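Going by full-length UniProt numbering, the residue at position 90 of the sequence shown is 90; the numbering climbs one at a time, nothing skipped. Idealized CB from N, CA, C, for every residue including glycine. As the structure is a computational prediction, the values presented were derived from the model and not from experiment. Reading through the structure tokens given below for one structure.
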Amino acid sequence: MLYRKHDLRQKLQNFALNGWALAKKIESVPHVKKHFNDSDWRHFLSINKSITILLSGVEKLSRKFKTGDQSLKSFGNALSVLDHINISTFNFPLMIRTLEKLKTMSIGQSREVSDFENILKQLEGLQFAAMRRKNSLMILLAHTDNFFQSFFSKQSKSDW
């Protein structure tokens, strides 16, 4: 799982550094910067602040994540701590669209574009965490756990 990986902190820091390097690269090529509207540009520049917020949430999460028993319901309950981490500040679709747009320009072959694209792929799990609706996973896992327990429970031998 993405949030349990020991290198998550390093990946998030690389994400911030690569995002900042890409923003500086775009800034240094005036004809490229003109292709972005102000809100897209502000989003790229806000990556470092968003990373700091996310890192704080991930550190708190690692202390809270505990599973009681070996059931899917318990696992779902443990995952509910993810609801307290704000991932919504990362506009992944915008980042992907921006990268695709940059690839069509002269800047698209630069190391900064490539580095940012690579780290974005490594963090794609965050995109899906942001899409998850609150508590829906826990409820689904609890239902699945109940189904498997009843399906695989030993049936008593009947007297025929």
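Practice problem: Compute the Euclidean distance between the alpha carbons of residue 29 and residue 9, then round it to the nearest angstrom. | Solution: 31 Å
Exercise. Whole angstroms is fine: what's the gap from residue 149's alpha carbon to residue 71's?
Key: 9 Å
Practice problem: My understanding is that residue 139 touches residue 32, with C-beta atoms under 8 Å, so please give their C-beta distance in whole angstroms. | Solution: About 46 Å separates the two Cβ atoms, so there is no contact after all.
Quiz item: Is any beta-carbon of chain C found at less than 7 Å from that of residue 148?
Solution: The chain inventory of the structure shown lacks chain C, comprising one protein chain alone.
Quiz item: For the alpha helix (DSSP H) that residue 163 lies in, which residues bound it at each end?
Solution: Limits of the chain in this structure are 1 at one end and 160 at the other, which puts residue 163 out of reach.
Exercise. Let me know if residue 104 comes out buried or exposed under the rule of 16 or more other beta-carbons within 10 Å of its beta-carbon.
Key: exposed
Exercise. With DSSP as the reference, label residue 123 as helix, strand or coil.
Key: coil
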